[in-house]
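**Student:** Read in order, the letters of the sequence shown are residues 9 to 532 in our numbering.
Even for Gly, the Cβ is constructed at its ideal location relative to N, Cα and C.
Fair warning: this is a prediction, and the values are worked out from it, not measured in the lab.
One structure, pasted below without further comment.
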Amino acid sequence: MKTGAYPHLMLLILLMGILTASAAGQASSSDAPSAPPLPLHLQVPPRDASHEVTMRWILCPGNYWELQDPLLEGYLATLPADQFPPAFEALCRLQMRQKSLQRTLLIEAWAKKDPQAAWLLIKDWFAQAVDSDHFKDDWSQKILPPANRTSLRAGSIVHDERDFEAFRKGLFQSGATTELKNTLQKEYAQAYAKAFHLDSPPDYSALTTPAPSSATTEPTPPPPEIDYPFVRQVLEAPATSFPALLDGAVTRRNEAAVICGLRRWVMVQPGAISEIIKWAEAQPQPNHLDKVVNTWAAIAPKGAYTWLVSLPGEKRPDHVSEFLPYANIEQREAILRWLITRPEHKPGDYDEALPSFLERWIVLEPKVAFEFALQHGGRSGFSEAARDAFYRVATLAEFRQPIIEAIEAFPTLVDDQMDYMNMEEWGDINFAEAARHGVHWLIKEAATNPDAQFPIDHVVKVWTGKENPVDGSMDDRTYGCLRLWAVVDPEGMKAWIKTVTHPEFRTALEWLHAHAEGGFEAGS
Numbered sequence: 009m010k011t012g013a014y015p016h017l018m019l020l021i022l023l024m025g026i027l028t029a030s031a032a033g034q035a036s037s038s039d040a041p042s043a044p045p046l047p048l049h050l051q052v053p054p055r056d057a058s059h060e061v062t063m064r065w066i067l068c069p070g071n072y073w074e075l076q077d078p079l080l081e082g083y084l085a086t087l088p089a090d091q092f093p094p095a096f097e098a099l100c101r102l103q104m105r106q107k108s109l110q111r112t113l114l115i116e117a118w119a120k121k122d123p124q125a126a127w128l129l130i131k132d133w134f135a136q137a138v139d140s141d142h143f144k145d146d147w148s149q150k151i152l153p154p155a156n157r158t159s160l161r162a163g164s165i166v167h168d169e170r171d172f173e174a175f176r177k178g179l180f181q182s183g184a185t186t187e188l189k190n191t192l193q194k195e196y197a198q199a200y201a202k203a204f205h206l207d208s209p210p211d212y213s214a215l216t217t218p219a220p221s222s223a224t225t226e227p228t229p230p231p232p233e234i235d236y237p238f239v240r241q242v243l244e245a246p247a248t249s250f251p252a253l254l255d256g257a258v259t260r261r262n263e264a265a266v267i268c269g270l271r272r273w274v275m276v277q278p279g280a281i282s283e284i285i286k287w288a289e290a291q292p293q294p295n296h297l298d299k300v301v302n303t304w305a306a307i308a309p310k311g312a313y314t315w316l317v318s319l320p321g322e323k324r325p326d327h328v329s330e331f332l333p334y335a336n337i338e339q340r341e342a343i344l345r346w347l348i349t350r351p352e353h354k355p356g357d358y359d360e361a362l363p364s365f366l367e368r369w370i371v372l373e374p375k376v377a378f379e380f381a382l383q384h385g386g387r388s389g390f391s392e393a394a395r396d397a398f399y400r401v402a403t404l405a406e407f408r409q410p411i412i413e414a415i416e417a418f419p420t421l422v423d424d425q426m427d428y429m430n431m432e433e434w435g436d437i438n439f440a441e442a443a444r445h446g447v448h449w450l451i452k453e454a455a456t457n458p459d460a461q462f463p464i465d466h467v468v469k470v471w472t473g474k475e476n477p478v479d480g481s482m483d484d485r486t487y488g489c490l491r492l493w494a495v496v497d498p499e500g501m502k503a504w505i506k507t508v509t510h511p512e513f514r515t516a517l518e519w520l521h522a523h524a525e526g527g528f529e530a531g532s
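Structural data, given as structure tokens:
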């Protein structure tokens with residue numbers, strides 16, 4: 009936004025237009041007569057829910073990374089061995105990730121519980137194995153094709169070193185006999201060496217016996233507890249169980265139980281909100297109060313808003329983003345007005361208090377929130393908001409797609425230094441999808457920006473082997489995803505290249521497609 013005599017007035021006028029556009033269907037200044045459905049992270053599934061329903065709750069954006077992994081690890085630890093195959097299929101449907109994330113947690117847990125059954129599935133994956141580092145920096149780095157491209161294209165998963173390492177770790181922790189461990193470990197090492205073209209199998213013999221402890225070594229504190237049955241107990245506890253049950257969760261160092269317990273306490277005893285806030289504020293972790301605010305706002309937004317605006321100005325930014333998903337138009341407008349009229353806010357500069365505010369808004373209304381980020385923060389503001397939102401919601405496919413569509417609507421406005429970081433995560437989720445986005449970005453940037461960082465002639469030289477891409481940028485991230493796509497699914501990429509309308513880019517892509525394995529010096 010341009011600064012002028014009335015910068016705040018100009019921005020507020022802009023805000024009115026943006027917020028009005030998103031107002032349809034929302035409540036007025038009073039809460040809606042019928043309460044909206046609870047957000048997914050507060051819709052706790054019953055104990056007998058399917059794997060897909062339970063894991064959808066565990067991995068939803070509202071649970072954040074800090075809660076997703078311990079909840080999933082704890083849940084998997086409760087499964088009998090015969091439930092791991094359907095749980096694995098459910099997780100793959102939910103995430104739609106080609107490369108590993110929480111999938112490695114499931115593989116490790118399965119191998120720990122039933123290594124033989126896990127090995128029967130995993131040993132076939134070696135024929136589909138690819139190098140996990142798909143962001144190749146130059147043409148001299150070779151990408152070896154998987155042994156079985158057909159089966160790889162038939163599924164949505166790409167198996168790399170992380171999947172296989174998860175199996176080996178689980179095998180080592182399992183209760184299997186030493187003989188079985190040694191047998192499976194030998195088979196694993198041979199298959200690994202063949203899949204990743206090693207001269208000899210890895211030597212894991214040193215890992216079969218725990219290292220001796222040293223008397224001089226300081227004792228290591230026990231890891232945080234991961235006890236899913238206790239979390240379930242907390243999630244179903246009556247009001248009379250609090251705060252004693254939460255105190256117990258703190259003593260047990262079960263952070264998942266603490267967070268879930270705070271949510272439960274607010275929901276079953278909203279009249280005790282003052283006591284709940286006091287308890288959360290007394291804890292060393294500052295995010296505990298955020299969980300209280302988020303849950304309170306979901307069930308009683310009026311009361312939560314009154315409390316929020318009563319806070320001293322310097323404390324409001326800590327909790328504004330947690331309230332946002334449940335704000336009506338007037339409340340959201342007032343919050344935005346307050347954010348941009350704070351003394352520390354500099355009109356025309358990107359405000360560091362906004363990213364956490366925007367990332368929650370983007371989950372709800374991606375296009376509207378991105379418009380605000382762009383108008384207020386320019387390229388860097390938009391890009392930082394895009395990065396934060398993308399990383400937050402990438403876990404579940406259903407939340408990711410609207411974010412991607414909104415990002416695609418602003419391809420020439422994304423700052424390279426921000427967007428290439430998105431590409432790292434995107435390339436793990438779906439490298440073909442990321443490659444198409446990168447090409448679209450580079451074409452638009454070169455066509456519309458006279459000072460483009462990557463002009464057409466540079467991109468063409470990179471894609472035809474005459475130059476290497478610029479490291480740490482959209483240039484090399486796109487290049488890496490393109491090469492891996494061509495190696496893994498050459499027919500799919502070939503069909504897509506025909507749809508590229510830019511003639512120079514299309515010709516260059518055809519050359520890259522034919523030479524994607526690399527292994528030569530650029531310009532040679």
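Would residue 397 and residue 411 be called neighbours here (beta carbons separated by less than 7 Å)?
**Tutor:** In the sequence shown, residue 397 corresponds to position 389, counting from 1. In the sequence shown, residue 411 corresponds to position 403, counting from 1. Result yes, Cβ atoms of residue 397 and residue 411 sit closer than 7 Å.
**Student:** Can a CB atom of chain D be found closer than 7 Å to the CB of residue 52?
**Tutor:** Among the chains of the structure shown, chain D does not appear; only one protein chain is present.
**Student:** Using only CA atoms, which one of 78, 447 and 346 lies nearest to residue 493?
**Tutor:** Here residue 493 refers to the residue found at position 485 of the sequence shown. Of the candidates 78, 447 and 346, the one whose C-alpha sits nearest the C-alpha of residue 493 is 447.
**Student:** According to DSSP, is residue 249 helix, strand or coil?
**Tutor:** Position 241 of the sequence shown, counted from the start, is the residue given in the question as residue 249. Helix.
**Student:** Take residue 244 as the anchor and find which of 440, 462, 443 and 55 has the nearest alpha-carbon.
**Tutor:** The residue given as residue 244 occupies position 236 in the sequence shown. Among 440, 462, 443 and 55, the Cα nearest to that of residue 244 belongs to 55.
**Student:** Straight-line CA distance for residue 135 to residue 167?
**Tutor:** Numbered from 1 along the sequence shown, position 127 holds the residue referred to as residue 135. Numbered from 1 along the sequence shown, position 159 holds the residue referred to as residue 167. One C-alpha to the other measures close to 9 Å.
**Student:** Suppose you measure from the CA of residue 61 to the CA of residue 338; what does that come to, to the nearest Å?
**Tutor:** On the sequence shown, residue 61 is found 53 positions in, with the first residue counted as 1. On the sequence shown, residue 338 is found 330 positions in, with the first residue counted as 1. For residue 61 and residue 338, the distance between alpha carbons rounds to 35 Å.
**Student:** Skipping 5 residues on each side, what residues in its chain have a beta carbon closer than 6 Å to that of residue 81?
**Tutor:** By 1-based counting over the sequence shown, the position of residue 81 is 73. Excluding sequence neighbours, residue 81 sits near 113 and 234.
**Student:** Since residue 489 is in the alpha helix (DSSP H), which residue starts that stretch and which ends it?
**Tutor:** Start at 1 with the first residue of the sequence shown, and residue 489 comes out as number 481. Counting along the chain, the alpha helix (DSSP H) containing residue 489 begins and ends at 482 to 496.
**Student:** Rounded to the nearest angstrom, what separates residue 258 and residue 241 at their Cα positions?
**Tutor:** Position 250 of the sequence shown, counted from the start, is the residue given in the question as residue 258. Position 233 of the sequence shown, counted from the start, is the residue given in the question as residue 241. Between residue 258 and residue 241, the C-alpha separation is close to 15 Å.
**Student:** Could you pull out every unbroken alpha helix (DSSP H) segment of at least 4 residues lying fully inside the stretch 167 to 222, listed in chain order?
**Tutor:** Counting only runs of 4 or more, we get 169 to 181 and 186 to 203.
**Student:** In whole angstroms, give me the CA-to-CA distance for residue 97 and residue 165.
**Tutor:** Numbered from 1 along the sequence shown, position 89 holds the residue referred to as residue 97. Numbered from 1 along the sequence shown, position 157 holds the residue referred to as residue 165. Distance between the alpha carbons of residue 97 and residue 165: 11 Å.
**Student:** Comparing alpha-carbon positions, which option in 255, 309, 313 and 321 lies nearest residue 290?
**Tutor:** In the sequence shown, residue 290 corresponds to position 282, counting from 1. Taking only the C-alpha atoms, the option nearest residue 290 is 255.
**Student:** Given a threshold of 16 other Cβ atoms within 10 Å of its Cβ, counted over all protein chains shown, does residue 393 qualify as buried or as exposed?
**Tutor:** Counting from 1 along the sequence shown, the entry for residue 393 is found at position 385. Burial call: buried.
**Student:** Go through its chain and collect everything with a Cβ distance to residue 510's Cβ below 7 Å, but skip five positions before and after it.
**Tutor:** Stepping through the sequence shown from its first residue, residue 510 is reached at position 502. Excluding sequence neighbours, residue 510 sits near 451.
**Student:** Cα-Cα, which of 66, 143 and 94 is closest to residue 485?
**Tutor:** As a position in the sequence shown, residue 485 is number 477, starting the count at 1. If we check each option's Cα against that of residue 485, 143 comes out closest.
**Student:** Excluding the 5 residues flanking residue 477 on each side, which residues of the same chain have their C-beta closer than 6 Å to its C-beta?
**Tutor:** Position 469 of the sequence shown holds residue 477. For residue 477, where only same-chain residues beyond five positions count, the Cβ hits under 6 Å are 470, 483, 484 and 487.
**Student:** Helix or strand or just coil, what does DSSP make of residue 388?
**Tutor:** Taking the sequence shown and counting its residues from 1, one reaches residue 388 at position 380. Helix, per DSSP.
**Student:** Relative to the alpha-carbon of residue 521, which residue among 491, 528 and 73 has its alpha-carbon at the smallest distance?
**Tutor:** The residue labelled residue 521 in the question sits at position 513 within the sequence shown. It is 491.
**Student:** Measure the C-alpha to C-alpha separation of residue 409 and residue 186 and round it to an integer number of angstroms.
**Tutor:** Walking along the sequence shown from the start, residue 409 turns up at place 401. Walking along the sequence shown from the start, residue 186 turns up at place 178. Between residue 409 and residue 186, the C-alpha separation is close to 46 Å.
**Student:** On the three-pair Cβ rule with 8 Å, is the stretch 292 to 307 touching the stretch 111 to 130?
**Tutor:** The stretch 292 to 307 vs the stretch 111 to 130: no contact.
**Student:** When you compare only the Cα positions, how much space is there between residue 378 and residue 199?
**Tutor:** As a working mapping, residue 378 is identified with position 370 in the sequence shown. As a working mapping, residue 199 is identified with position 191 in the sequence shown. In a straight line, the C-alpha of residue 378 is about 47 Å away from that of residue 199.
**Student:** If we count the other Cβ atoms within 10 Å of its Cβ and call it buried at 16 or more, is residue 524 buried or exposed?
**Tutor:** Taking the sequence shown and counting its residues from 1, one reaches residue 524 at position 516. So residue 524 counts as buried.
**Student:** Starting from residue 467, trace the alpha helix (DSSP H) in both directions and tell me its first and last residue.
**Tutor:** Locating residue 467 in the sequence shown gives position 459, where the first residue counts as 1. That run of the alpha helix (DSSP H) goes 464 to 471.
**Student:** To the nearest angstrom, how far is the alpha carbon of residue 284 from that of residue 312?
**Tutor:** The residue you call residue 284 lines up with position 276 of the sequence shown. The residue you call residue 312 lines up with position 304 of the sequence shown. Cα to Cα, residue 284 sits roughly 13 Å from residue 312.
**Student:** Exposed or buried, which one is residue 449 when buried takes at least 16 other CB atoms within 10 Å?
**Tutor:** Indexing the sequence shown from 1 puts residue 449 at position 441. When all chains shown are included, residue 449 counts as buried.
**Student:** Roughly how many angstroms lie between the CA atoms of residue 518 and residue 63, to the nearest whole one?
**Tutor:** On the sequence shown, residue 518 is found 510 positions in, with the first residue counted as 1. On the sequence shown, residue 63 is found 55 positions in, with the first residue counted as 1. Cα-Cα distance, rounded: 41 Å.
**Student:** Once the 5 residues before and after residue 39 are set aside, which same chain residues still bring their CB inside 8 Å of it?
**Tutor:** Here residue 39 refers to the residue found at position 31 when the sequence shown is read from its first residue. With a pLDDT of only 46 at residue 39, under the threshold of 50, the placement of this residue in the model should not be trusted; the figure read from the coordinates follows. Excluding sequence neighbours, residue 39 sits near 309, 310 and 336.
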